[in-house]
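Chains as they are written, first to last, in our numbering: chain A, 1 to 209; chain B, 210 to 1206.
C-beta: ideal position from N, C-alpha, C; glycine also.
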Amino acid sequence: MVERRSALEGAARPGDFGTPAAGGPGVILGERRSLAIVQVAALGERDAAVRGGIAAGCGVAPAAEASRAARGGGTAVLWSGPGRWLVVAAEQPGSDLAARLEAALATAPAVVTDLGHARTVLRVSGPSARDLLAKGCPLDLHLRTFPVDACAHSLLGHAGTLIHAVDAVPSFDLYLARSYARSAWEWIEESAAEYGCRVVAPADLTGSG
Amino acid sequence: MSAQPFRLPAGGRIDRSRPLAFRFDGKPYTGFAGDSLAAALLANGVRLVGRSFKYHRPRGIFSAGPEEPNALVRLRREARAEPNTRATMIELFDGLEAESQNRWPSLGFDLGATASLFAPLLPAGFYYKTFMAPRRGWMFYERFIRAAAGMGRAAEAPDPDHYEKRHAHCDVLVVGGGPAGLAAALAAGRTGARVLLVEERAELGGALRREAAAISDAPAAEWLAATLAELASLSEVRLLRRATAFGYYDHNLVAVLERVADHLPEPPPHRARQVLWQVRAPQVVLATGAIERPLVFAGNDRPQVMLASAARAYLNEFAVAPGTRAVVFTNNDSAYATALDLRRVGIRVTAVVDPREGSGGDLPRRAREAGIECRFGHAVLAARGRSRVSAVEVASLGTAGHEHGDNLDCDLLCVSGGWSPTLHLHCQSGGRPEWNEALAAFVPGRSKQAERSAGAAAGAFALVDCIAGGLRAGAEAAQAAGFGTGVAPPAPDWPRESAAPLRPLWSVPARRWLKSFVDLQDDVTAGDIGLAAREGFVSVEHLKRYTTLGMGTDQGKTSNVNGLALLAEKRGEAIPAVGVTTFRPPYTPVAIGSFAGRETGRHFEPIRRTAMHEWHESAGAAWIEAGLWLRPSCYPRSGESEREAIRREAVAVRQGVGLVDVSTLGKIDIAGPDAAAFLDRVYANIFSNLPVGRARYGLMLREDGIVFDDGTTSRLAEQRFLMTTTTANAVRVMQHLEFLLQTVWPELRVAATSVTEQWAAMALAGPKSRDVLARAAEGVDVSDAGLPHMGVRDGRIAGVPVRIFRISFSGERAYEINVPADWGLRVWTALLDAGRESGIVPYGMEAMGILRIEKGHVAGAELDGTTTAADLGLGRLVAMKKPDFIGRHMLARPALADPRRPRLVGFVPVDGATRLRAGAQIVADSRVPPPVPMIGRITSAADSPTLGHPIALGFLEAGASRHGETLHALFPLADQWVPVRVVDPVFYDRAGERLHG
């Protein structure tokens, strides 16, 4: 597979900056690269067949409720609107996620759209991650109201984003429109400096999608 | 280092081990950590700190809190200078510099003070009166009034600091960190509710910090320490200090300004100076305390006339003696505590003057026991002295105004006219305060939002009542937010001091030539209010505007109730009948910078970048903004002007081959069994008969029949289309489609998804474009048979999948290539490499604009929201045979069908050389006197390198039948008129042969 060029190429340089707290950097920031991202849209309100098709196509059934993600085996299915899900998985040579979902949903009332290059995905983690996001995101990201695997569309500063709570560290994945990624990255870097920020290389981002 | 002559030898909550140097009006002083600037000035014996707004009267420090009307100073220097900051709220820091305001040449000798001599000419409303007779008078006055108006000077250099915003959520927001607020936070916090407490000062404790009793009195001090410790242990309780809740908006949105670094010389690295918090709380507890009211008597604005509670704060919190010989003038019991505290530290209290006939309260009794002279039934007639009080005239109330009273020497006059609960946020939330006769004060009325008041803010002034009320409010708020049982924890069981009721005394009769101030900041006197009432300003809202009562930066915190009561007195009505002035945000002044937050400079707006952005940058592109996108306008080579570059690029496309980044065009994936039917409804032309693998130009109308947007839409599969939109309308078209699918035709089985971000797009255009494509592309037949005009094929370039559309905006043979965005740069450079031997040239928006104008293609300038398809010469596209489509019905409106409507035409200058301007108006005859009938306009203009002369597109009434006429293009802004000839809008290759060339 030909290597992809991230929207953040040259902007995201690994290293520490800002004013860290005594316990180390308050924010760990990195880009999740080489992701396959496929949208599945159900046509009409009866979407049981679509849910089943998604499960068959990627191995993970969508969560039953709205605004929740389901995960398993490195694949995440994020609710992104009524009857809409984003299926996210690491790209694998010889295995086209969009094609697998197309095949699994061939007879279901659904539309499969590849958005793998449309989103830049950032992982924001660390003890100050919530404080950082609060500077630009009007959502209440407290664990009580936004538990692990909650996901919602919101804003980060000027940029629209889909936020997914990944763990209780806390860590969040931010799905940003590619064209906004660089501006958003600069905003995050400046906003994170007061907590101390460590930028990690994409390869150092562990944890499943 | 000066000696701080008025610093008490012991006590206070200052840190004597940390002396801080500061300057006021250039003179060096020292204070201690923990001082406010006001406290440090008083410790150094500085009594005169400013000049008043209108009369330039000498003014001192009046309060110890946010209500300060007098002690406004310019803080810091140069770019960080901030006018009108309250000395009472500034935390002292080492190296602080402040200067006094509203004086020239100096604070001690101020020429503006001559305004006092003209005082009889400057009555209430004099400003409005200058507008009246004589009619020309205003022209004369204006210069002087403008020069005298305003307070303080803003910094002129850009602010070197940054500001931020943040969102916050909690179950219970508590405003105020005094005993009531802390109790509320504790009661709510114990239930597990998320609690945010905001306190405007640096330390928590509120009035407890100022009570000598709390420091020596073990129970209160212990309660405070234990409460703070428990709050710190609750993980869901957050205490935010130096944070003022200044605005209460709908849906319990409370705005809070956190002064992160105002107490420091400059913000630490990466920290904002101030942060604007937007707090959303299901429940709010307002524990905002109360503000002491002044008394209105002659000379009550002299420096060293001070609120009794403020004098106590300086004594107890800051260990500063605000004077050496004091008189206390009060109509209530609370100021007796001040008298006792003054006496305790050895300041002589000459007398307590009290208009009441007596008081059986505990505090007055203790004052009498301490040997303090209490003159009941008396009032202070006048404060004497110039730049500070030197004596007061005291008389029996019955004789006041008729006879001279006793002169008592003093250098400090402490006043108390009772207490007003701080109702600003309650009012802003929609509550309407109610008058409480017993307290002679407004108290919170019925809540309109989920808020409740506690403590002094609710009219409960005794400490035990504050704590009990706070606990109750906190428990109830938590329960309302879904936590706990609503039962308040037990309150301390302390004895309550008995207090006698106050006696309202709204003004002391004064001799006619003396001024009794109601509003110290805006220099509004009791006389002004009387005058306004006589002139008919009987509504409190009119009174306020006419006299400027309460319209200073302090928003009348110390003057509102007194002013209202005086108006009621003049009208002979009860205070509630006169009404209450409402409070608007902000509670205290807020710097504009905090509203801007980070959204300045490069973060004012985000920049959207295409996948090829960095290449354009390194190629030296000149940029043009297209919405939030940055697009190359042209790529000037070294030594080349932009104009030359644009010309070169346009010529290259006509003669060779060019490559342009068109990634910003909107792209929408439209798929599902009803996709074709959907497109037939949203476009004016037909799409259902479009074969797979073909593209078609589409014209989209608004409901009113006017053209909305245009673009090519391709059929990728039987049930899948790719729609393109203009860059400008990409979002609007997407919203339009979603609206239609969700609300108008929910039965259609179609999904519309924006894929603008998924695809990088570039157009390869020019007679040599096929050669280049043939060299670069694999797996696709690019011959005219394999990829005909308006054909769409998949292929590969540089090893990655691409989609190739044979469509043209320039009129030349052209291919638009879409590639998944992360590979956009790869394909872009591959095409440039493949085009090198053909002399390929990257081109920008300007060249593209010239090429499309030459071809008469319409763009945003023509689709301006006023033009129909027929106006644009595209009437043939509108498929009226379709049963319905958006805009169809309104097309039949007579105004849209009028044959005289302006139609798209071309214009060329008659002399073949003068450049035409977009925006010019077309007239038939330039010699007729105005108003000249305007019969058309120019929308786009270019200097055509292909044709060798200027050209323009525009609209002309009945234009289709006027080709060949000579008219005039007027551009009055440049005083230009150009004879133009009307021509066909397609200037070049009318037959369209070059598409296949």
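Check	Outcome
Contact with chain A by Arg817(B), beta-carbon distance below 7 Å	yes
Per DSSP, cross-strand counterpart(s) of Ser95(A)	Gln92(A)
Ala411(B) beta carbon less than 7 Å from that of Glu300(B)	yes
Closest residue to Glu1166(B) among His1205(B), Val1114(B), Arg1124(B) (Cα-Cα distance)	Val1114(B)
Beta strand (DSSP E) segment containing Trp838(B), residue limits	838-843
Local conformation of His633(B) per DSSP, three classes	helix
Completely contained alpha helix (DSSP H) runs for the segment 727-752 of chain B, where each covers 4 or more residues	735-743
Contact test: Pro531(B) Cβ vs the ligand NAP heavy atom, cutoff 6 Å	As presented, the structure is devoid of all ligands, the ligand NAP included, so that no description of it is given.
Integer-rounded CB distance, given that Gly567(B) should sit under 8 Å from Phe538(B)	Incorrect: roughly 16 Å between the Cβ atoms, too far for contact.
Ala423(B) versus Gly456(B): straight-line alpha-carbon distance, rounded	Because the pLDDT of Ala423(B) is 48, which lies under 50, any placement of that residue in the model is unreliable, and the number read from its coordinates should be weighed accordingly. Going by the C-alpha atoms only, they are around 31 Å apart.
Entirely enclosed beta strand (DSSP E) segments - the segment 473-533 of chain B, minimum 3 residues	483-489, 492-495, 499-501, 514-516
Same chain, Cβ closer than 7 Å to Gly18(A), neighbours up to 5 away in sequence not counted	Ala192, Ala193, Glu194, Tyr195, Gly196, Cys197
Minimum length 3: unbroken beta strand (DSSP E) runs contained in the segment 29-85 of chain A	35-42, 69-72, 75-81
Neighbour flag for Pro228(B) against chain A, beta carbons, 7 Å	no
Expected contact under 8 Å - CB spacing of Leu122(A) and Leu162(A) to nearest Å	Actually they are not in contact, since the Cβ atoms of Leu122(A) and Leu162(A) sit about 11 Å apart, beyond 8 Å.
Val38(A) classed as buried or exposed, judged by whether at least 16 other C-beta atoms fall within 10 angstroms	buried
Close Cβ partners of Thr797(B) (< 7 Å) along its chain, the five nearest in sequence each way excluded	Pro275, Thr453, Phe455
Within the segment 863-918 of chain B, ranges of the alpha helix (DSSP H) (whole runs, at least 4 residues)	884-891
Chain A contacts made by the segment 995-1018 of chain B, where a contact means CB separation under 8 Å	Ala1007, Gly1008, Val1009
C-alpha distance - Asn616(B) paired with Ala592(B), whole-angstrom precision	9 Å
Validate contact between the segment 947-955 of chain B and the segment 877-891 of chain B using beta carbons, cut 8 Å, 3 pairs	yes
Beta-carbon spacing of His158(A), Pro491(B) below 7 Å	no
Selection from Leu973(B), Arg480(B), Cys623(B), Arg1005(B) that minimises the alpha carbon distance to Asp370(B)	Arg480(B)
Neighbourhood of Lys753(B) by C-beta distance below 7 Å, restricted to the same chain and skipping five residues each side	Gly759, Met760, Thr790
Residues that DSSP places opposite Leu294(B) in a beta bridge	The question names Leu, but residue 294(B) in the sequence shown is Thr. Paired residue(s): Val282(B).
Nearest-angstrom beta carbon gap, Ala333(B) and Leu711(B) [assumed within contact, 8 Å]	No, Leu711(B) and Ala333(B) are not in contact; Cβ-Cβ is about 28 Å, not under 8 Å.
Euclidean distance between Cα positions of Gly836(B) and Gly626(B)	59 Å
Three-state secondary structure (DSSP) of Ala423(B)	Caution is warranted here: a pLDDT of 48 is assigned to Ala423(B), below 50, making its placement in the model unreliable, and no coordinate value can be reported.
Short CB-CB distance (under 7 Å) between Val124(A) and chain B	no
Beta carbon proximity, Ile424(B) to chain A, threshold 7 Å	Confidence at Ile424(B) is low in this model, with a pLDDT of 49, below 50, so the placement of that residue is unreliable and no value is reported for it.
CB of Val493(B) within 7 Å of CB of Glu660(B), strictly	yes
The segment 872-880 of chain B in contact with the segment 1074-1086 of chain B per 3-pair CB rule at 8 Å	no
Paired residues, beta bridge with Val199(A) - DSSP	Gly15(A), Leu29(A)
C-beta contact flag for Ala1150(B) and Glu858(B) at 7 Å	no
Any C-beta of chain B under 7 Å from that of Leu8(A)	no
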